[in-house]
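Each protein sequence line maps, in turn, to chains F and L. The opening residue of the first sequence carries number 772 in the numbering used here; numbering runs sequentially from there. The opening residue of the second sequence carries number 36 in the numbering used here; numbering runs sequentially from there.
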Amino acid sequence: MPGRTTAAKRYAEAVAAIARQESSWEQWRRDLGLVGEGLQDSELRLMLESPRVNAEQKAALLERAFGGRVAPQVLSLLKVMGKRGRLTLAPDMLKWFDEIADRALGVRRYVVTSATPLTDEQRQRLRSQLGGTTGQLVLTEHVDPAIIGGLIVRHDDMILDFSIKTRLETLRERLN
Amino acid sequence: MGIRSEDIVRALQDQIQNFDQQLRTTNVGTVIEVGDGIARVYGLSQAMSSELLEFPAPGPGEPPTMGIALNLEEDAVGAIILGEYSHINEGAEVRTTGRIADRHLGDALLGRVVNPVGDPLDGKGPIQTTEFSPLEVIAPGVIKRQDVRQPLQTGIKAIDTMIPIGRGQRELIIGDRQTGKTAIIVDTIINQARQRTGVVCIYVAIGQKEAGVAQLVRTLEQNGAMANSIVVVAGASDPAALQYMAPYAGTAMGEYYRDNGKDAFIAYDDLSKHAWAYRQVSLLLRRPPGREAYPGDVFYLHSRLLERSAKLSNELGGGSLTSFPVIETQLGDISTYIPTNVISITDGQIFLVSDLFYAGIRPAISVGLSVSRVGGSAQLRPMRAVAGRLRLDMARFRELAAFAQFGSDLDRATQQQLTRGQRLQELLKQPQYVPVPVEEQILTTFAGVTGRLDKVSIEDVARYEREVLQFFRSTNAELLERLLTERQESTNRLNAELEQALNAAFDEFEQRVWTSSGTLEAPAAATAAG
Chain F
772 MPGRTTAAKR
782 YAEAVAAIAR
792 QESSWEQWRR
802 DLGLVGEGLQ
812 DSELRLMLES
822 PRVNAEQKAA
832 LLERAFGGRV
842 APQVLSLLKV
852 MGKRGRLTLA
862 PDMLKWFDEI
872 ADRALGVRRY
882 VVTSATPLTD
892 EQRQRLRSQL
902 GGTTGQLVLT
912 EHVDPAIIGG
922 LIVRHDDMIL
932 DFSIKTRLET
942 LRERLN
Chain L
36 MGIRSEDIVR
46 ALQDQIQNFD
56 QQLRTTNVGT
66 VIEVGDGIAR
76 VYGLSQAMSS
86 ELLEFPAPGP
96 GEPPTMGIAL
106 NLEEDAVGAI
116 ILGEYSHINE
126 GAEVRTTGRI
136 ADRHLGDALL
146 GRVVNPVGDP
156 LDGKGPIQTT
166 EFSPLEVIAP
176 GVIKRQDVRQ
186 PLQTGIKAID
196 TMIPIGRGQR
206 ELIIGDRQTG
216 KTAIIVDTII
226 NQARQRTGVV
236 CIYVAIGQKE
246 AGVAQLVRTL
256 EQNGAMANSI
266 VVVAGASDPA
276 ALQYMAPYAG
286 TAMGEYYRDN
296 GKDAFIAYDD
306 LSKHAWAYRQ
316 VSLLLRRPPG
326 REAYPGDVFY
336 LHSRLLERSA
346 KLSNELGGGS
356 LTSFPVIETQ
366 LGDISTYIPT
376 NVISITDGQI
386 FLVSDLFYAG
396 IRPAISVGLS
406 VSRVGGSAQL
416 RPMRAVAGRL
426 RLDMARFREL
436 AAFAQFGSDL
446 DRATQQQLTR
456 GQRLQELLKQ
466 PQYVPVPVEE
476 QILTTFAGVT
486 GRLDKVSIED
496 VARYEREVLQ
506 FFRSTNAELL
516 ERLLTERQES
526 TNRLNAELEQ
536 ALNAAFDEFE
546 QRVWTSSGTL
556 EAPAAATAAG
């Protein structure tokens with residue numbers, strides 16, 4: 772699996788520009804979600820990524836797989852990518868698009884790791900602490916007893932580490 | 036000293052109580068590509084240039100593997116991994132540390148062998164230091180410096196007399212493989228120990244055979260020179276990232292002494308391999324290749340390193356860092372990319388030639404191509420007065436020697452110069468690990484340039500030198516002392532009175548000691564004796 776390539780980002784930005792113009796974020800998101808699921812199919816992926824299958828055949832294949840289920844523009848996007856031999860970037864592009872859409876719609880995603888499952892009250896308090904009055908706040912929760920206690924909150928590439936484990940480690944370093 | 040237990044308890048209490056106040060926010064990223072000691076990390080949007088990064092630890096309970104951010108790109112960071120990287124895989128989490136790559140400093144490092152990260156390699160236990168300094172620092176500016184004015188004695192006759200080195204100078208040692216480049220460094224380090232100059236020596240081995248480095252460390256230990264030295268090793272099997280860092284790490288250690296008003300000496304052995312390591316790292320990080328596939332900043336790579344060698348002004352303590360970068364050439368070609376770069380950066384070069392080496396002239400220094408651009412003003416005055424003529428005589432001799440090979444009839448003056456040159460060449464030969472104190476160098480050079488050796492057969496020059504030194508040490512020690520301390524009236528002549536005294540002593544030696552062994556003009560007897 773390739774990582775985050777810049778080329779994929781450019782496609783995602785182009786799609787996002789269209790979505791912004793037409794205010795059709797939700798539709799794009801749903802359709803691209805479907806495409807993402809469709810591409811899980813390894814046979815389809817193999818066909819689409821194979822250099823032995825020519826562009827027309829790929830277009831027809833895409834039509835058969837997604838035609839009618841997604842908006843015509845989505846199909847056009849896939850065909851453009853197919854024509855340029857960039858279909859391998861599709862999963863990457865979806866990731867980028869999600870990120871751009873989140874930013875445009877004001878969705879903030881947090882991943883919270885705690886030692887024991889959060890109670891409803893804790894969840895409420897955390898939400899209000901994270902200050903989500905505007906936009907949406909999406910919390911993903913993980914339970915990891917290894918952190919002993921406290922919380923680790925992750926947002927994009929920032930981590931707020933309140934875990935007992937890290938604090939103990941830092942204390943040990945300091946006392947050495 | 037007596038530290039009371041209550042104090043310890045109070046200090047701990049303080050630390051624990053104040054501990055909670057700091058909140059830890061960390062910037063994280065995920066590895067998207069890893070291999071050849073390089074990782075590309077997605078995220079890390081807050082990473083600083085050359086910030087230390089924390090990769091996952093190789094196993095539970097082990098310290099995390101560290102890396103350094105080198106390329107800061109739009110969405111990703113290119114980083115070098117310091118050490119083993121086989122346990123790091125795609126998707127691994129990387130954290131910033133908020134620390135710029137730095138090094139331990141201080142006296143605890145003396146006598147130790149460490150890798151560029153500062154971990155001991157000699158099995159003598161952990162190194163306890165409290166001071167740190169960034170790996171890369173900007174070299175001192177114009178105001179903070181002063182001219183080189185104190186000599187750094189290498190103990191090698193050919194260098195101290197003809198290519199003098201001053202403290203704070205950068206002198207390139209260049210030559211093919213197996214021409215004695217490292218030997219010059221080792222002798223210089225040993226001389227610092229023998230003469231108790233107090234100069235701290237740092238030897239940085241880059242991309243060398245570990246066996247060779249072990250041998251060198253043993254040599255230094257046997258000669259009692261290790262106690263005042265630090266050896267930084269990034270061997271041939273270490274990742275290119277470590278080899279790239281090694282000279283900067285060594286320099287940071289040297290700067291500690293320079294900035295504290297002391298003198299330090301550092302040798303980078305060698306910078307050709309350093310350039311290779313940097314080329315590898317750069318290409319893996321996908322930086323655009325230039326000439327010979329070196330990246331565009333390969334000149335800056337070495338110039339910023341060597342600029343850190345300096346003689347600081349008196350207000351800043353007057354400390355110094357002298358450096359001997361080494362460059363290995365291929366077939367004596369000094370006009371390729373890296374050699375020309377480093378030649379233009381340094382304050383002179385010592386050029387070693389394999390032809391001379393195999394002709395038995397060791398150290399195999401090519402007098403014509405070697406130069407010290409600033410060291411002359413740092414040379415001791417008496418040495419300068421005596422050795423000025425040596426360089427001239429040697430240059431003339433080299434010129435004539437080429438002609439003389441045709442074997443045609445030579446006039447008296449030419450023959451005279453050839454005789455002189457051969458003796459001087461003999462005088463400048465020197466075995467390894469026997470550095471000569473500077474006053475003794477002045478003395479024998481004086482004998483050479485004043486023509487006293489002309490009467491001695493070539494085979495006898497070494498013995499003459501040995502015996503004359505013995506004679507002076509036992510009967511004329513105060514004259515030797517004067518050679519070090521005498522204030523000179525002119526730069527190109529010894530004071531008349533001192534010269535007279537020397538001549539008188541030499542005459543006495545030749546009449547009493549040398550002639551009595553009966554070999555002054557009899558080569559046959561000399562072979563029997565020697």
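All C-beta atoms in this analysis are idealised placements derived from N, C-alpha and C, irrespective of residue type, glycine included. The structure displayed is predicted, hence computed values, not measured ones.
Proximity test, Cβ basis, 8 Å: S80 (chain L) and chain A: Of the protein chains in this structure, namely F and L, none is chain A.
Members of the stretch 916-940 of chain F that neighbour chain L once the beta carbon cut-off is set at 8 Å: R925, D927, D928, M929, I930, L931, D932, F933, T937, R938
4 or more residues per run - each alpha helix (DSSP H) lying fully within the stretch 452-537 of chain L: 473-484, 496-510, 512-520
Within-8 Å CB hit, T777 (chain F) to chain L: T777 (chain F) counts as touching chain L.
Assigned exposure category for D495 (chain L) - 16 Cβ within 10 Å defines buried: buried
Inter-stretch contact (C-beta, 8 Å, three-pair minimum) for the stretch 227-243 of chain L and the stretch 379-396 of chain L: no
Chain L contact for R880 (chain F) (CB, 8 Å cutoff): Any Cβ of chain L closer than 8 Å to the Cβ of R880 (chain F) would place that residue at the interface, and such an atom is absent.
Span of the alpha helix (DSSP H) around M864 (chain F): 861-876
Pair within 8 Å by beta-carbon distance, I103 (chain L) and A136 (chain L): One thing to note: I103 (chain L) has its Cβ within 8 Å of the Cβ of A136 (chain L).
Neighbouring residues, chain F, relative to T100 (chain L) (Cβ below 9 Å): Chain F residues near T100 (chain L): none, gap ~16 Å exceeds 9 Å.
Nearest residue (CA-CA) to Q451 (chain L), options L:L462, L:R487, L:L463: L:R487
Neighbour flag for R781 (chain F) against chain L, beta carbons, 8 Å: Residue-level contact check: R781 (chain F) does not touch chain L, since none of the beta carbons of chain L fall below 8 Å from its beta carbon.
Residue ranges of each beta strand (DSSP E) within the stretch 231-291 of chain L, 3 or longer: 235-241, 264-269
Of the residues L:T479, L:S525, L:A497, L:E524, the one placed nearest N538 (chain L), counting alpha carbons only: Nearest option by C-alpha distance: L:T479.
Uninterrupted alpha helix (DSSP H) stretches inside the stretch 291-360 of chain L (no shorter than 4 residues): 306-319, 333-341
Status (buried if at least 16 other CB within 10 Å, exposed otherwise) for A561 (chain L): Residue confidence for A561 (chain L) is low, a pLDDT of 39 falling below 50, so the modelled location carries little weight; the figure read from the coordinates is stated next. With 16 or more other Cβ atoms within 10 Å, it is buried.
Cβ of L946 (chain F) within 8 Å of any chain L Cβ: Yes, its Cβ sits closer than 8 Å to a Cβ of chain L.
Boundaries of the alpha helix (DSSP H) in which N825 (chain F) is found, first to last residue: Note, N825 (chain F): premise wrong, no alpha helix (DSSP H); not H, not E.
Proximity to R138 (chain L) [Cα-Cα], best of L:I123, L:G126, L:P155: L:P155
Short CB-CB distance (under 8 Å) between T61 (chain L) and chain F: yes
Beta carbon proximity, Q50 (chain L) to chain F, threshold 8 Å: yes
Strand pairing of R879 (chain F), partner residues [DSSP]: F:L908
Beta-carbon neighbours of R47 (chain L), restricted to chain F and to distances below 8 Å: Residue identity check: residue 47 (chain L) is Leu in the sequence provided, not Arg. The answer, in chain order, is L946.
In chain order, each beta strand (DSSP E) run of at least 3 residues that lies wholly inside the stretch 43-82 of chain L: 59-70, 73-78
Chain F contact for E461 (chain L) (CB, 8 Å cutoff): For E461 (chain L), not one C-beta of chain F is nearer than 8 Å to its own C-beta.
Length of the line joining the Cα atoms of E125 (chain L) and Q257 (chain L): 48 Å
Alpha helix (DSSP H) segment containing D222 (chain L), residue limits: 216-229
Reduced DSSP category for F386 (chain L) - H, G, I as helix; E, B as strand; rest coil: Three-state DSSP puts F386 (chain L) in a strand.
Alpha-carbon to alpha-carbon, Q278 (chain L) and R781 (chain F): 37 Å
Chain-order list of residues whose beta-carbon lies under 8 Å from that of V252 (chain L) (same chain, five-residue window excluded): V148, D157, M261, V266
Rounded Cβ spacing between S405 (chain L) and E363 (chain L) (contact assumed at less than 8 Å): S405 (chain L) to E363 (chain L), Cβ: 16 Å. No contact.
Neighbour-count burial assignment, L865 (chain F), 16 or more Cβ in a 10 Å radius: L865 (chain F) should be labelled buried.
Strand pairing of F167 (chain L), partner residues [DSSP]: L:H139
Bridge-paired residues (DSSP) for I923 (chain F): F:T884, F:D932
For P91 (chain L), three-class secondary structure by DSSP: coil
Chain F contacts from the stretch 467-501 of chain L (Cβ-Cβ distance under 9 Å): none
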